[in-house]
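The next block holds one structure in the form of structure tokens; read it before the comments.
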Amino acid sequence: MLWFERQVVSTLMSPTLDAGTRSAVESYVATTLHSMPEHLRAGVAAESIVLGSRSWLEHRVGRFDPHALPARLDRWRSSKIDPIRQYVRLLHSLVLFAENEFAAGAGGSM
Amino acid sequence: MKPPRETVQTDVLIIGSGAGGAVTAAALARAGRTVMVLEEGPWVDPDALEPFSLEEMVAKYRHGGSCAALGRPAIAYAEGRCVGGSTEINSGLYHRLPPELAEEWQRDYRIDEFTTDALDGYAGRIEAELGVSRLPGAPPASSAVLERGAAKLGWRSVEFSRVFRYESNGLAVKQTMARTLLPAATEAGAQVVADCRVAKLVRDGRRVVGAACEQTMPDGSTRELFVRADHVFVCAGATQTPALLQRSGIRRNIGRGLKMHPTVKIAARFNSPIDHGDVPMHRVTEFAPGLTIGGSASRRGHVALALADSDADYADALAHWEHVAVYYAAIRSEGSGRVLALPGARSPLVTYNLTEGDMSRLARALVHLGEVLLAAGATELYPSVTGGGVARGPDDLVQWWDALTRNAANLMTVHLTSTVRIGENRERTGADSFGRVWGYDNLRVNDASLLPEAPGVNPQGPIMAVVARNTDQFLTEA
Ligand SMILES: Cc1cc2nc3c(=O)[nH]c(=O)nc-3n(C[C@H](O)[C@H](O)[C@H](O)COP(=O)(O)OP(=O)(O)OC[C@H]3O[C@@H](n4cnc5c(N)ncnc54)[C@H](O)[C@@H]3O)c2cc1C
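From first to last, the protein sequence lines are chains A and B.
When you line the first sequence up against this note's numbering, it's residues 763 to 872, in that order.
When you line the second sequence up against this note's numbering, it's residues 642 to 1119, in that order.
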């Protein structure tokens, strides 16, 4: 998983998750991205590089502020540009699925 | 350094162990043929993992379940990748091929000896062997929702049979291929090799002489294997079969004509808790086979995804997820797609184009699904349409007609077919009436790829019947 993808995943996770679950969710997202078809993974990686370039530069000079990311993700989520919207949607879906599946009783009690 | 390539010999080589491969293997092994089945995915004990769970997705789904056909909109799809193929992860809902489709396909693709009587004969045998049956007793609440909603609207609904056996203690056991026909094939002498991916078929004129494979060993290392065979059946599923043929230089009418059942979903909230362990067996068949309505896997993870697809505020609904279940409406699409092996890549590019007609059928499907759920007592409906708006009463459904656009629709499918197609109409098909690939004497396809069109019903039953018929014909010939 690329540096920026890790930041996005961490931002999308529910803040109430404990450290163990956070790491399990991150590892699930990494495994799933890794096993995607090559052309889809290449597309996601390319978007991560383009969309994350500013954050990465900020990170290199010690100025990256993770608290600024949620607002940016919100903007991208409703972007008019389909691939940008789909980028956030994909990572959000993976995070959401994993954090809910790792919750106790995910299969239901009835 | 990779160890040198080992060569083994068999009479019949079957590539893929899912619905198509397992039926083929059991029939041929029982007929006394020497059979080897190669399966790319691992062996996973069918009892080891909870159905539809994250662990199951990681272990048994191709690409961990994260895959999409590109197009506007892209359509997410899922396929199995393990011993037993997609039968290990499917819901086991069972249907025979509707007679009107058998007639239509026979006529349009000029398929020899493709009659409903013949197909039903094969279907009957498979049903008897696997144990296709209805739930003994009352359906669970999630299924009764569909029956109740349809009854209120005066629409038809049916409880579908499933490829399940019900034990005397009430336990429901899905009759996957890893549990049934693959052990039967092994007992009759077939060899099933897991973790063995066929990279390419090796050809010599009109014959395929064998398959070049990569086998993953228990310690994670890989070895190259060459399997020589007198006859080859490719049963790798609707995306992988055409990809393998193309990688092997076989391209005529291969990979075109992909069909699927594009699906929209609704997360429906009810006043009381609803079951989440199984998939509803009822279907609303009022508009079938063009449009069918049913229920999906609704574990907490699926509920969360379905709620999020609407892009509405779903926090409260997710907090009460045990009151929420996911339902779907699927259409028979007039659009089509393509599978294209990319040089140097393991996965093919899959594309699909929905027509304008498909888009309006999907909008209609979504509205009908909403009507049934509201009639059944749902209090809030979250559609898989970004910005579609939550519906709380029939008047709210009207907005969905315009909301379901190419930009906003979040679609998926688990039914993919028709990437080779059978029939004597050589303009439109990749294989003859019994699945023999045009131009090759000993190469056959025997899986979902062969169906000339999407069946409009759950495809496993039609696939198995066609595959059993083709295998029988092979035995009379070779
Ligand atoms: C989640 C889900 C739910 C479904 N629910 C239903 C349902 O309720 N009812 C129904 O009728 N249908 C259902 N289906 C569809 C049904 O399971 C499939 O249509 C059917 O299994 C297809 O059969 P097949 O033999 O063509 O392919 P598969 O069953 O997918 O088998 C193909 C096998 O080939 C292997 N393979 C691929 N490439 C290679 C290679 N190069 N080398 C070696 N092996 C290879 C794959 O790993 C796979 O195991 C569902 C499918 C899914 C994914």
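By construction, the Cβ of each residue, glycine as well, lies at the ideal position given by its N, Cα and C atoms.
One or two residues paired with residue i in a DSSP bridge
{"i": "Asn994(B)", "result": "Ser977(B)"}
{"i": "Asp1037(B)", "result": "Its beta-bridge partners do not exist; DSSP assigns none."}
{"i": "Ala908(B)", "result": "Val967(B) and Tyr1023(B)"}
{"i": "Lys701(B)", "result": "For Lys701(B), which the question treats as bridged, DSSP gives no partner whatsoever."}
{"i": "Met677(B)", "result": "Leu654(B) and Gln832(B)"}
{"i": "Ala813(B)", "result": "Tyr807(B)"}
{"i": "Gly851(B)", "result": "Val843(B) and Arg869(B)"}
{"i": "His1056(B)", "result": "DSSP, once it has assigned bridges, lists no residue as partnering His1056(B)."}
{"i": "Ser802(B)", "result": "Tyr735(B)"}
{"i": "Gln856(B)", "result": "Cys837(B) and Arg864(B)"}
{"i": "Tyr718(B)", "result": "Thr1054(B)"}
{"i": "Ser815(A)", "result": "Its beta-bridge partners do not exist; DSSP assigns none."}
Through-space distance from residue j to residue i, alpha-carbon basis
{"i": "Arg839(A)", "j": "His854(A)", "result": "10 Å"}
{"i": "Glu861(A)", "j": "Glu647(B)", "result": "44 Å"}
{"i": "Ile716(B)", "j": "Gly673(B)", "result": "43 Å"}
{"i": "Leu822(B)", "j": "Gly1034(B)", "result": "47 Å"}
{"i": "Arg859(A)", "j": "Ala945(B)", "result": "A small correction: the amino acid at residue 859(A) is Phe; Arg does not occupy that position in the sequence shown. Each residue's alpha carbon lies about 7 Å from the other."}
{"i": "Pro930(B)", "j": "His829(A)", "result": "50 Å"}
{"i": "Phe766(A)", "j": "Ala1006(B)", "result": "39 Å"}
{"i": "Pro903(B)", "j": "Gly824(A)", "result": "47 Å"}
{"i": "Leu738(B)", "j": "Ile767(B)", "result": "13 Å"}
{"i": "Ser802(B)", "j": "Pro1100(B)", "result": "13 Å"}
{"i": "Val843(B)", "j": "Val1098(B)", "result": "36 Å"}
{"i": "Tyr1081(B)", "j": "Glu1065(B)", "result": "15 Å"}
{"i": "Val1061(B)", "j": "Ile655(B)", "result": "17 Å"}
{"i": "Met642(B)", "j": "Glu855(B)", "result": "With a pLDDT of only 47 at Met642(B), under the threshold of 50, the placement of this residue in the model should not be trusted, and no figure is reported."}
{"i": "Val1108(B)", "j": "Tyr763(B)", "result": "9 Å"}
{"i": "Val850(A)", "j": "Arg888(B)", "result": "33 Å"}
{"i": "Asn1051(B)", "j": "Asp688(B)", "result": "32 Å"}
{"i": "Ser776(A)", "j": "Gln848(A)", "result": "20 Å"}
{"i": "Glu680(B)", "j": "Ala835(B)", "result": "5 Å"}
{"i": "Leu819(A)", "j": "Ala709(B)", "result": "32 Å"}
{"i": "Thr665(B)", "j": "Leu787(B)", "result": "36 Å"}
{"i": "Pro740(B)", "j": "Phe755(B)", "result": "10 Å"}
{"i": "Ala877(B)", "j": "Arg816(A)", "result": "44 Å"}
{"i": "Gly1076(B)", "j": "Arg1110(B)", "result": "10 Å"}
{"i": "Leu1116(B)", "j": "Asp1073(B)", "result": "16 Å"}
Cβ-heavy atom distance, residue i to ligand 1, below 6 Å
{"i": "Arg1069(B)", "result": "no"}
{"i": "Cys876(B)", "result": "yes"}
{"i": "Ser1001(B)", "result": "no"}
{"i": "Gln881(B)", "result": "yes"}
{"i": "Thr996(B)", "result": "no"}
{"i": "Ile972(B)", "result": "no"}
{"i": "Leu728(B)", "result": "The question names Leu, but residue 728(B) in the sequence shown is Thr. True, at least one ligand heavy atom lies under 6 Å from that Cβ."}
{"i": "Ala660(B)", "result": "yes"}
{"i": "Ala1125(B)", "result": "The structure shown does not extend to residue 1125(B), since chain B is modelled only from 642 through 1119, so no value can be given for it."}
{"i": "Gly657(B)", "result": "yes"}
{"i": "Ala853(B)", "result": "no"}
{"i": "Gln832(B)", "result": "no"}
{"i": "Arg888(B)", "result": "no"}
{"i": "Glu681(B)", "result": "yes"}
{"i": "Glu800(A)", "result": "no"}
{"i": "Ala1106(B)", "result": "no"}
Assigned exposure category for residue i - 16 Cβ within 10 Å defines buried
{"i": "Asp950(B)", "result": "buried"}
{"i": "Ala769(B)", "result": "exposed"}
{"i": "Gly861(B)", "result": "exposed"}
{"i": "Met858(B)", "result": "exposed"}
{"i": "Ala779(B)", "result": "exposed"}
{"i": "Ser727(B)", "result": "buried"}
{"i": "Gln650(B)", "result": "exposed"}
{"i": "Asp753(B)", "result": "exposed"}
{"i": "Gly811(B)", "result": "exposed"}
{"i": "Val1039(B)", "result": "exposed"}
Proximal residues of chain A, C-beta to C-beta of residue i below 9 Å
{"i": "Asp749(B)", "result": "Neighbours of Asp749(B) on chain A: none; closest Cβ ~32 Å, over 9 Å."}
{"i": "Ala792(B)", "result": "Those do not exist, as Ala792(B) stays about 23 Å from chain A at its closest Cβ, beyond 9 Å."}
Chain-ordered neighbours of residue i on chain B, where CB pairs are closer than 8 Å
{"i": "His801(A)", "result": "Leu983, Ala986, Ser988 and Leu990"}
{"i": "Glu863(A)", "result": "Ser694, Leu695, Arg940, Arg941 and Gly942"}
{"i": "Tyr849(A)", "result": "Ordered by position in chain B, no residue passes the 8 Å Cβ test against Tyr849(A), which lies about 12 Å from the chain."}
Chain-ordered neighbours of residue i on chain A, where CB pairs are closer than 7 Å
{"i": "Val699(B)", "result": "Thr793"}
{"i": "Gly705(B)", "result": "Thr793, Thr794 and Ser797"}
{"i": "Leu946(B)", "result": "Ser855, Leu858 and Phe859"}
7 Å Cβ cut-off: residues of chain B touching residue i
{"i": "Asp844(A)", "result": "Asn1048"}
Interface residues of chain A facing residue i [CB-CB closer than 8 Å]
{"i": "Cys1128(B)", "result": "Since the first residue of chain B shown is 642 and the last is 1119, residue 1128(B) is not available in this structure."}
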